[in-house]
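The structure appears below as structure tokens.
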Amino acid sequence: MISMSPVRPGAGVRYLFRGVMVGDGHRAVGTPLRTAQDEAGVSPGVWKGRGLVALGLAAGDVVSERQAELLLGEGRHPGADRVERELLAQGESPARARRAAVLGRPIEHNQSAETDKAKKRIPWLAFDLVFRPPPTAHIAWALMDDEHRRVLELCDDIARDKTLAWLEESVVEIRWKAGGKQRAGVKDGLVVAVFRHYESRATESRPLLHSHAVVSVRARRPHDGKWGNLSADSLMTHIVAADTLYLLHFMEEVTARLGWAWEPREVTPGRRPVMDITGIDRRLIGWQSTRRQQIEDALSVITAQYEEKQGHAPGEKAGYALACQAADQTRSPKRTELWSLTELRRRWRDSAIAAFGACTVYRLAERARAAAAAAWTRVRPVVDVALAAVDVVAVVYVMRGAFAHHHLLAEARRHLAYALRGRRHEPGLDERIVQAAVDDYTRPVGHGRRMTADLRALYPHDTEDQAVLRALTRKCSAVPYERARLAAGALTARVHALRRADRLNSRPRPRTLTVPTTPSPRLRTSRELEPMTDVAAVELTSRTLEAAAAEMAARLQAGVRERAAARRLPLKSGAAPPPSAHQPVQPAPGRTPPTGGIA
7 MISMSPVRPG
17 AGVRYLFRGV
27 MVGDGHRAVG
37 TPLRTAQDEA
47 GVSPGVWKGR
57 GLVALGLAAG
67 DVVSERQAEL
77 LLGEGRHPGA
87 DRVERELLAQ
97 GESPARARRA
107 AVLGRPIEHN
117 QSAETDKAKK
127 RIPWLAFDLV
137 FRPPPTAHIA
147 WALMDDEHRR
157 VLELCDDIAR
167 DKTLAWLEES
177 VVEIRWKAGG
187 KQRAGVKDGL
197 VVAVFRHYES
207 RATESRPLLH
217 SHAVVSVRAR
227 RPHDGKWGNL
237 SADSLMTHIV
247 AADTLYLLHF
257 MEEVTARLGW
267 AWEPREVTPG
277 RRPVMDITGI
287 DRRLIGWQST
297 RRQQIEDALS
307 VITAQYEEKQ
317 GHAPGEKAGY
327 ALACQAADQT
337 RSPKRTELWS
347 LTELRRRWRD
357 SAIAAFGACT
367 VYRLAERARA
377 AAAAAWTRVR
387 PVVDVALAAV
397 DVVAVVYVMR
407 GAFAHHHLLA
417 EARRHLAYAL
427 RGRRHEPGLD
437 ERIVQAAVDD
447 YTRPVGHGRR
457 MTADLRALYP
467 HDTEDQAVLR
477 ALTRKCSAVP
487 YERARLAAGA
497 LTARVHALRR
507 ADRLNSRPRP
517 RTLTVPTTPS
527 PRLRTSRELE
537 PMTDVAAVEL
547 TSRTLEAAAA
557 EMAARLQAGV
567 RERAAARRLP
577 LKSGAAPPPS
587 AHQPVQPAPG
597 RTPPTGGIA
């Protein structure tokens, strides 16, 4: 998953330099950055993003402490010292030289008495995006051998970079003029400093592979190339869609490189499931997520207090805010003792072996491969765009009522993750699902970009069963996501029934005959046969049978005469005359006239 928090002057910058940039340890005051990183056993941060070109940096360059101080701590050019020296050498004043190295508006502007409301706001210097793989990926990364560890780290890097590329191409906007009225996409791209961490903030150290992608708020305008600030609300609006995209890419990379499969696991009854690697012992999940248990214990108390005060259960937004509050309350201070990754992995392996045995730990990779082979025999990773659109609209409508494009996009990516289980998806398939949902099953609401489900398109009035409408439109005691899955399942079953009816309509219906329009000695193809109604088909079939019976009787009588003449035997006077072509042929006793087939 992805979480987002701002980096502001003061405490935010101190936390960035003393904690985030040196792993999950504690950096003492006065300790150089590289020294602290070497002692903690973590790799130094690296620069990412297409916006580095305008600053003279390249993707993959190491983030130095001075560069981070200037760009992420002061909003200035990461090479501001060099820029100032060059301008001073050319005769510029110190004030002009310093101002030339500032990217956009100085942060001191917000503290100036010349501004009205700006001085009351604390500026944002960066956005801290934290990328975390699913829980079973942490277990495999911590307890398996070094080869699997490196592959999982590579999968995390690729998924994170693809998600950041989508954000800078399709989401982030730069704002200018009063109140940020003018907005547009950035000219170059984002400037991101990425730092990898290894453990959680639980009381006992537990594996938690995650990355901090610190996105600088500075970017260039598309029309004049001047530096300005990114819009925070556009990034926050699409953070869930980015989260689902990161999970989808991570699953695909793991499956492609290691051959593992994924399966949904229900953590909380009635809530969204999480995707886990098949074959990972579920007991290890509880061992790894001690931090989660601490948060859940505190959350239950906070939720009870909320219900007592408000008189109702918290909604989705309130529940998220309460979860953040529980996480802050249970956050333990970082340990002062620095451990390398090798030492951490040894401690984690010893702890898991002591709890569940050596066989459980050392056979993790083998069981994951065996479980994946079994999963691919029973799972068919196929995506039906029409069915996916119905599923997405039903879930989002029940969960939100009115929704926007990014809500549908996030749910479409969840659908792909559940359906494909790690197989590659066609590029743009998520947008195709969203477009099909918008075109066929939604209608606009109000004057903004909001929309809602078109119940007439989803559920026509000619259907008798009302179970789907009850799940879609009426409140009940069930959890919203549980009702959403019920509605999506019923609508999907209805689509299957309609498709089945369409397939049957393309063939002859029961008691419908297909006959040749003209007699022909050859067998005609199905394309040459005309489907007819029951009455017309029976009449034509009767005439055809009568003509065929008369012709056969005449041939038989002619054969008898020929054989009698050859033997010179007279024809018996009591022989039955040939039936007339106009005399109907009566069926044999106990049989009924034919009602199907081809005559």
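Residue numbers for the sequence shown follow our numbering, so the first one is 7 and each next one is one higher. Glycine is no exception: its CB is placed at the ideal position from the N, C-alpha and C atoms. Model, not experiment: these values are computed from the prediction.
Check	Outcome
For residue 145 and residue 290, believed in contact at Cβ under 8 Å, the rounded distance	5 Å
Backbone secondary structure at residue 188 - three-state DSSP	strand
Residue 442 versus residue 191 - alpha carbon distance	26 Å
Minimum C-alpha distance to residue 414 - residue among 166, 86, 433 and 445	445
Which of helix, strand or coil DSSP assigns to residue 220	strand
Simplified DSSP assignment, three categories, for residue 196	coil
Reduced DSSP secondary structure (H/G/I, E/B, other) of residue 243	helix
Candidates 394, 409 and 405, of which the one nearest residue 419 by Cα	394
Any alpha helix (DSSP H) of 4 or more consecutive residues that is wholly inside the segment 364–451	364–368, 370–384, 391–406, 411–426 and 435–447
Nonlocal neighbours in the same chain, by C-beta distance under 6 Å from residue 111, ignoring five residues either side	none
Cα-Cα separation between residue 137 and residue 376, rounded to whole angstroms	29 Å
Range covered by the beta strand (DSSP E) that runs through residue 234	233–236
Collapsed DSSP secondary structure at residue 83 in the structure displayed	coil
CA-to-CA distance, residue 42 to residue 367, given in whole angstroms	32 Å
Residue burial classification, residue 602 (beta-carbon count within 10 angstroms, cutoff 16)	Reliability fails at residue 602, whose pLDDT of 36 lies under 50, so the model's placement of it is uncertain and no value is given.
Proximity of residue 401 and residue 439 at Cβ, strictly below 8 Å	no
Alpha-carbon spacing of residue 318 relative to residue 310, whole angstroms	10 Å
Residue interval of the alpha helix (DSSP H) (run including residue 183)	That residue, residue 183, is in no alpha helix (DSSP H); it is neither H nor E in DSSP.
Alpha-carbon spacing of residue 63 relative to residue 215, whole angstroms	27 Å
Alpha-carbon spacing of residue 158 relative to residue 430, whole angstroms	17 Å
Pair within 8 Å by beta-carbon distance, residue 28 and residue 79	no
Contact between the segment 248–256 and the segment 52–67 (3+ Cβ pairs under 8 Å)	no
Residue from 495, 329, 325 and 452 whose Cα sits closest to the Cα of residue 396	495
Residue 432 classed as buried or exposed, judged by whether at least 16 other C-beta atoms fall within 10 angstroms	exposed
Cβ pair count under 8 Å reaching 3, the segment 221–236 against the segment 74–94	yes
Cβ-Cβ distance between residue 412 and residue 243 below 8 Å	yes
Contact belief for residue 26 with residue 133 at Cβ below 8 Å, rounded distance in angstroms	Their Cβ separation, rounded to whole angstroms, is 13 Å, which puts residue 26 and residue 133 out of contact at 8 Å.
Nearest residue (CA-CA) to residue 237, options 424, 352 and 177	177
Residue 98: first and last residue of the uninterrupted alpha helix (DSSP H) it sits in	Element bounds for residue 98: n/a, residue is neither H nor E.
Unbroken alpha helix (DSSP H) run spanning residue 348, endpoints	347–362
Best match in 507, 484 and 464 for proximity to residue 4 [C-alpha to C-alpha]	Lying outside 7 to 605, the shown extent of the chain, residue 4 is not represented and no answer is given.
Three-way DSSP call (helix, strand, coil) for residue 107 in this model	coil
Assumed close pair residue 269, residue 381 - CB separation to whole angstroms, cut-off 8 Å	7 Å
Cut-off 6 Å between Cβ atoms - residues of its own chain near residue 354, not counting five sequence neighbours on either side	148 and 213
Simplified DSSP state of residue 501, which is helix, strand or coil	helix
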